[in-house]
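Asks: Pasting a structure below so you can have a look.
Number of protein chains: 2
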Amino acid sequence: MGLSKHDEFALRDNRIARYAKALAHPARVAILRFLIHKRSCVCGDIVDELPLSQSTVSQHLKELKTAGLIQGDIDGAKVCYCIDHKEWAAAKKFLGEFMDGFRSEDLECCTPVGKSIAIKR
Amino acid sequence: MGLSKHDEFALRDNRIARYAKALAHPARVAILRFLIHKRSCVCGDIVDELPLSQSTVSQHLKELKTAGLIQGDIDGAKVCYCIDHKEWAAAKKFLGEFMDGFRSEDLECCTPVGKSIAIKR
DNA sequence: GATGATGATCGTAAAAATACGATAGCAAGG
DNA sequence: CCTTGCTATCGTATTTTTACGATCATCATC
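Protein sequence lines, in the order shown, are assigned to chains A and B. Last residue of the first sequence? That's 163 in my numbering, and every number before it is there in order. Last residue of the second sequence? That's 163 in my numbering, and every number before it is there in order.
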């Protein structure tokens, strides 16, 4: 037990989950925001910006790379990280389409509007 | 160590992370997709649809509730789950704005286009 | 009130994520 | 070549997530 059954779900849902997971920690959101506004793209500069150690930031960067959202290029002694615009576009598409799937217009759930009671049993 | 420093990040980034975390597992994506297309909104029907046990599904539902994306209303012996359209709209806004922050047009990272080399040291 | 169905919660176990210090590898400069 | 600065990786500890079976609480029905 506890062994994450990702294989048994649709590819599309796994992909959405993969992108979402990359954004599922505030440090990674902050890193991406930093890269987006390209105040720099050097690892060290990111470390200075966050309340985390260098090794932890490096680990988060690795996860962002694994998710595909960023790319790391060696630039001499430093490493330049930047958004992978192709994967970024894909993530935007997958997440966006999923979120757009729900339209509040055709909202007619079990309980009529107003009768909605907070669940506590 | 290992004690998630969420407090030290911006509220906005924490909120984005919270929504993203809700979508960070394919089971939860599948549950939301199911609710979106409202083939039903009863817990039992969701369990039938997924390769997971009832207790695990219930746990995922709880996390979706914690994230705010869904709402559970008691309907007799059953419980009706539905998308919380207000929070859903907020999530769409927060995630969408964040993703839109990057525009590939003004893409000019450290390495000139083409020189991008896969990192492996 | 007993019974059956539904769904939450508890207890538990395994896996993954988070975080850090220490260390290793590499490039640049002295 | 030796040092210095930058980043990855290793080892480790802690916390959180994922998953299940068992059980409990509630509602509906008999």
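Here a beta-carbon is modelled for each residue, glycine too, at the ideal position from N, C-alpha and C.
Tell me which residues share the same chain as Ser146 (chain A) and place their Cβ nearer than 6 Å to its Cβ, disregarding the 5 neighbours each side in the sequence.
Replies: Excluding positions up to five away in sequence, the list is empty.
Asks: Examine chain A for any beta-carbon lying closer than 9 Å to the beta-carbon of Ser100 (chain B), and answer yes or no.
Replies: Not one chain A Cβ lies under 9 Å of Ser100 (chain B).
Asks: Relative to chain B, which residues along the region 104-132 of chain A have a C-beta separation below 9 Å, given in chain order?
Replies: Residues passing the 9 Å Cβ filter: Lys107, Gln113, Gly114, Asp115, Ile116, Asp117, Lys120, Val121, Cys122, Tyr123, Cys124, Ile125, His127, Lys128, Trp130 and Ala131.
Asks: Can you pull the chain A neighbours of Phe136 (chain B), defined as C-beta to C-beta under 7 Å?
Replies: The contacting residues do not exist; Phe136 (chain B) stays about 10 Å from chain A at best.
Asks: Take every Cβ of the region 47-54 of chain B, pair it with every Cβ of the region 63-81 of chain B, and state whether three or more of those distances are shorter than 8 Å.
Replies: Not touching, per the Cβ criterion.
Asks: In the region 62-118 of chain B, which residue ranges form an unbroken beta strand (DSSP E) of at least 3 residues, counting only runs that do not cross its ends?
Replies: If we require 3 residues or more, the beta strand (DSSP E) runs fully inside the region 62-118 of chain B come out as 112-117.
Asks: Compute every distance between the C-beta of Leu53 (chain B) and the non-hydrogen atoms of the ligand ATP, then say whether any falls below 8 Å.
Replies: This structure lacks the ligand ATP; in fact it carries no ligand of any kind.
Asks: On a Cα-Cα basis, can you pick out the residue from A:Leu53, A:Lys80 and A:Tyr123 that is closest to Lys104 (chain A)?
Replies: Lys104 (chain A) has its Cα closest to that of A:Tyr123, out of A:Leu53, A:Lys80 and A:Tyr123.
Asks: Can we say the region 95-103 of chain B touches the region 66-84 of chain B, given the rule of at least three CB pairs closer than 8 Å?
Replies: As far as the Cβ criterion goes, the region 95-103 of chain B touches the region 66-84 of chain B, which means the pair count is three or higher.
Asks: Considering only residues of the same chain and omitting the five flanking positions on each side of Arg60 (chain B), which have a CB-CB separation below 7 Å?
Replies: Counting only Cβ-Cβ distances below 7 Å, and skipping sequence neighbours, we find Ala109.
Asks: Does DSSP put Lys135 (chain A) in a helix, in a strand, or in coil?
Replies: Reduced to three states, the DSSP call for Lys135 (chain A) is helix.
Asks: Starting from Ile58 (chain A), find everything on chain B with Cβ-Cβ shorter than 8 Å and list it in chain order.
Replies: The contacting residues are Leu65, Pro68 and Val71.
Asks: From the DSSP output, which residues share a beta bridge with Ile125 (chain B)?
Replies: Per DSSP, B:Ile112.
Asks: Name the one or two DSSP bridge partners that Lys120 (chain A) has.
Replies: According to DSSP, which records beta bridges pairwise, Lys120 (chain A) is partnered with A:Asp117.
Asks: Look at the alpha carbon of Asp126 (chain A) and the alpha carbon of Asp87 (chain A), and state the distance between them as a whole number of angstroms.
Replies: Distance between the alpha carbons of Asp126 (chain A) and Asp87 (chain A): 19 Å.
Asks: Count the other C-beta atoms from every protein chain shown that fall within 10 angstroms of the C-beta of Gly118 (chain A), then say buried if there are 16 or more, exposed otherwise.
Replies: The residue in question, Gly118 (chain A), is exposed, as its Cβ has fewer than 16 Cβ neighbours within 10 Å.
Asks: In whole angstroms, what separates the C-alpha of Phe144 (chain B) from that of Lys120 (chain B)?
Replies: Their Cα atoms are separated by approximately 44 Å.
Asks: Nearest by alpha-carbon distance to Thr98 (chain A): which of A:Ile73, A:Ile58 and A:Glu129 is it?
Replies: It is A:Ile73 whose Cα lies nearest to the Cα of Thr98 (chain A).
Asks: Closest Cβ-Cβ distance between Glu50 (chain B) and chain A: below 9 Å?
Replies: Yes, because at least one Cβ of chain A sits closer than 9 Å to the Cβ of Glu50 (chain B).
Asks: With distance defined between alpha-carbon atoms, name the residue in A:His79, A:Glu139, A:Phe76 and A:Glu129 nearest to Lys107 (chain A).
Replies: It is A:Glu129 whose Cα lies nearest to the Cα of Lys107 (chain A).
Asks: Taking the straight line between their C-alpha atoms, what separation do you get for Leu94 (chain B) and Gly138 (chain B)?
Replies: Answer to the nearest angstrom: the Cα atoms are 30 Å apart.
Asks: So, at 7 Å on beta carbons, what are the nonlocal neighbours of Val89 (chain A) in its own chain, with the 5 sequence-adjacent residues on each side left out?
Replies: Answer for Val89 (chain A): Gln96 and Val99, listed in chain order.
Asks: Restricting to Cα atoms, I'd like to know which of B:Phe140, B:Ala131 and B:Asp142 is closest to Asp142 (chain A).
Replies: Of the candidates B:Phe140, B:Ala131 and B:Asp142, the one whose C-alpha sits nearest the C-alpha of Asp142 (chain A) is B:Ala131.
Asks: Excluding the 5 residues preceding and the 5 following Leu111 (chain A) in the sequence, name in chain order all residues of the same chain whose CB lies nearer than 8 Å to its CB.
Replies: Once the five neighbours on either side are set aside, the close Cβ partners of Leu111 (chain A) are Tyr61, Ala64, Leu74, Ile125, Asp126, Glu129, Trp130 and Ala133.
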